[in-house]
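Student: Quick one: structure below, then a few questions.
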Amino acid sequence: MKIFIPVLLLFIGVSSFMSMSKSSETVQVKTVLKDTLMLDREKYITKLKDSLKGKESMVADSVFKNIKSLKGKSVEQVLSIMNNWGHALGVTCKFCHDVNDWTSEKSRNHLRTREMIVMNDRLNRELLSQMKGFRQPVTMGCISCHNEMKEPPHDGPRPQGPRQRPEGAKN
Ligand code: HEC
Ligand code: HEC
Numbered sequence: 000m001k002i003f004i005p006v007l008l009l010f011i012g013v014s015s016f017m018s019m020s021k022s023s024e025t026v027q028v029k030t031v032l033k034d035t036l037m038l039d040r041e042k043y044i045t046k047l048k049d050s051l052k053g054k055e056s057m058v059a060d061s062v063f064k065n066i067k068s069l070k071g072k073s074v075e076q077v078l079s080i081m082n083n084w085g086h087a088l089g090v091t092c093k094f095c096h097d098v099n100d101w102t103s104e105k106s107r108n109h110l111r112t113r114e115m116i117v118m119n120d121r122l123n124r125e126l127l128s129q130m131k132g133f134r135q136p137v138t139m140g141c142i143s144c145h146n147e148m149k150e151p152p153h154d155g156p157r158p159q160g161p162r163q164r165p166e167g168a169k170n
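Below, the structure is given as structure tokens:
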């Protein structure tokens, strides 16, 4: 019995050390993955910034051709929002864009993003700011739901099989 306790302690020590080194490995893999997404996004941002030198503080609507949701923001702000969206959803620019034609709306995630902006804006303005039991301001952004995922986890059962596209959806 006397020998049993130190042996048990040693066993616990070794196994917890092993699980520790395992989890630090997964953290490393995750960081590398994250870095490649970030590097990819930054590659395009740097390219755009180089081609737009001197126009950084101009209103984006006067520089880009298809600004509808972000009217009034500067070029620099728009590019930084793009990077933030990519980070919030854990994606590169390609998730929402044809990277050879930034103006194109062909990607369905481009249009979905515009709908998300309307939803997110109303959520903050009409609901969260009215909550009396909380210290204001209460706000949510893309990251609050997405948390680096394309699709946030669904609450409750998921619909079975592919969901029908809404009438008139192009892609
Ligand atoms: C989650 C989707 C999403 C991601 C990710 C995203 N964008 Fe966008 N991007 C949009 C939407 C939507 C617009 C249109 C904004 C508006 O209507 O004001 C836009 C607009 C733009 C524009 C202006 C295009 C024009 O001609 O008007 C540029 C340039 C751009 N994005 C670059 C980028 C870059 C670079 C990245 C990667 C770092 C990126 N975007 C990531 C959705 C996205
Ligand atoms: C209140 C929670 C919430 C917020 C805030 C939110 N989203 Fe979403 N988003 C969702 C949900 C839920 C879905 C999945 C909808 C579905 O297909 O069922 C989604 C889906 C999307 C999709 C489509 C992804 C895919 O693979 O189908 C895009 C793009 C997107 N969101 C962009 C954004 C952006 C950009 C913002 C910030 C401006 C944002 N979302 C803020 C909840 C949110």
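Those letters in the sequence shown? Residues 0 to 170, per numbering that gives the first Met the number 0, in order. Quick reminder that beta carbons are idealized off the backbone N, C-alpha and C, glycines included.
(1) Tell me the residue span of the alpha helix (DSSP H) that contains N108.
(2) Rounded C-beta distance between L36 and T91? I'm assuming under 8 Å.
(3) With C-beta atoms as the reference, is E147 less than 8 Å away from A87?
(4) Can we say the stretch 102-113 touches the stretch 57-71, given the rule of at least three CB pairs closer than 8 Å?
(5) Apart from the five residues just before and just after N171, which ones in its own chain have a Cβ nearer than 8 Å to its Cβ?
(6) Tell me whether V98 sits in a helix, a strand or coil according to DSSP, three-state version.
(7) Taking 7 Å as the cut-off, is the CB of G140 close to at least one heavy atom of ligand 2?
(8) Based on the DSSP output, what are the partners of V62 in its beta bridges?
Tutor: With the given structure in hand:
(1) One-based indexing of the sequence shown puts residue 108 at position 109. It spans R107 to R121 - the alpha helix (DSSP H) in which N108 sits, taken as one unbroken run.
(2) Taking the first residue of the sequence shown as 1, we reach residue 36 at position 37. Taking the first residue of the sequence shown as 1, we reach residue 91 at position 92. With a Cβ gap of about 6 Å, L36 and T91 count as contacting.
(3) Along the sequence shown, read from residue 1 onward, the residue named residue 147 stands at position 148. Along the sequence shown, read from residue 1 onward, the residue named residue 87 stands at position 88. Contact flag set, yes.
(4) yes
(5) The structure shown does not extend to residue 171, since the chain is modelled only from 0 to 170, so the question has no answer here.
(6) Counted from its first residue, the sequence shown places residue 98 at position 99. The answer is coil: DSSP assigns V98 none of H, G, I, E or B.
(7) Here residue 140 is taken as the residue at index 141 of the sequence shown, counted from 1. Yes, the beta carbon of G140 sits closer than 7 Å to at least one heavy atom of ligand 2.
(8) Here residue 62 corresponds to residue number 63 of the sequence shown, with the count starting at 1. Answer by DSSP bridge pairing: none, since V62 is not bridged.
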